[in-house]
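Trainee: In the UniProt record's numbering, the protein residues as written are 1 to 112.
Note that the Cβ used here is the ideal one computed from N, Cα and C, for glycine as well.
1. Where do the ends of the beta strand (DSSP E) carrying residue 9 lie?
2. DSSP on residue 84, reduced to helix/strand/coil?
3. Quick one, are the C-beta atoms of residue 95 and residue 44 less than 8 angstroms apart?
4. Would residue 22 and residue 4 qualify as a contact pair, given that the criterion is a beta-carbon distance under 8 angstroms?
5. At the level of alpha carbons, what is the spacing between residue 123 and residue 70?
6. Buried or exposed: where does residue 25 fall if 16 or more other Cβ atoms within 10 Å of its Cβ makes it buried?
7. Hey, residue 115 and residue 55 are a contact pair by Cβ (cut 8 angstroms); roughly how many whole angstroms apart?
8. If you draw a straight line from the C-alpha of residue 93 to the C-alpha of residue 105, how long is it?
9. Considering only the beta carbon of each residue, do residue 33 and residue 76 sit closer than 8 angstroms?
10. From residue 90 to residue 81, what does the alpha carbon distance come to, in whole angstroms?
11. Quick one: what does DSSP say residue 22 is sitting in, helix, strand or coil?
12. With a cut-off of 8 angstroms on the beta carbons, I'd call residue 35 and residue 110 a contact; round off their distance for me.
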């Protein structure tokens with residue numbers, strides 16, 4: 001067993017193993033965690049209603065510290081839930097709706 005894989009015997013197919021990539025599962029859990037936070041959900045909803053916003057607009061409208069907004073945006077960027085677009089000195093954030101569709105589909109499959 002490697003550090004990133006764990007294998008299980010398959011009772012229905014003796015001699016065959018089911019191998020899970022634990023690193024991929026851990027990364028997937030972090031992506032789900034990125035969405036499963038009330039403030040990040042509020043940030044995503046705000047971005048969606050405004051179509052594109054700067055970090056300044058986010059922290060002013062949500063009445064949070066700039067550093068808090070930036071930290072949460074970094075998590076959303078890492079999970080690919082938001083896209084960025086630079087215009088001069090401003091960075092605008094938009095919701096990555098394709099990623100949201102993927103998330104919704106994955107969760108639906110997981111729960112079925």
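Mentor: Reading off the structure:
1. 5-9
2. Three-state result, residue 84: strand.
3. Result yes, Cβ atoms of residue 95 and residue 44 sit closer than 8 angstroms.
4. Going by beta carbons, residue 22 and residue 4 fall inside the 8 angstroms limit.
5. Outside the shown range of the chain (1 to 112) lies residue 123, about which nothing can therefore be said.
6. exposed
7. With the chain covering 1 to 112 only, the question about residue 115 has no answer from this structure.
8. 23 angstroms
9. no
10. Near 19 angstroms, if we compare the C-alpha coordinates of residue 81 and residue 90.
11. If DSSP states are grouped into helix, strand and coil, residue 22 belongs with the helices.
12. A Cβ-Cβ distance of about 13 angstroms is found for the pair residue 35 and residue 110, leaving them out of contact under the 8 angstroms criterion.
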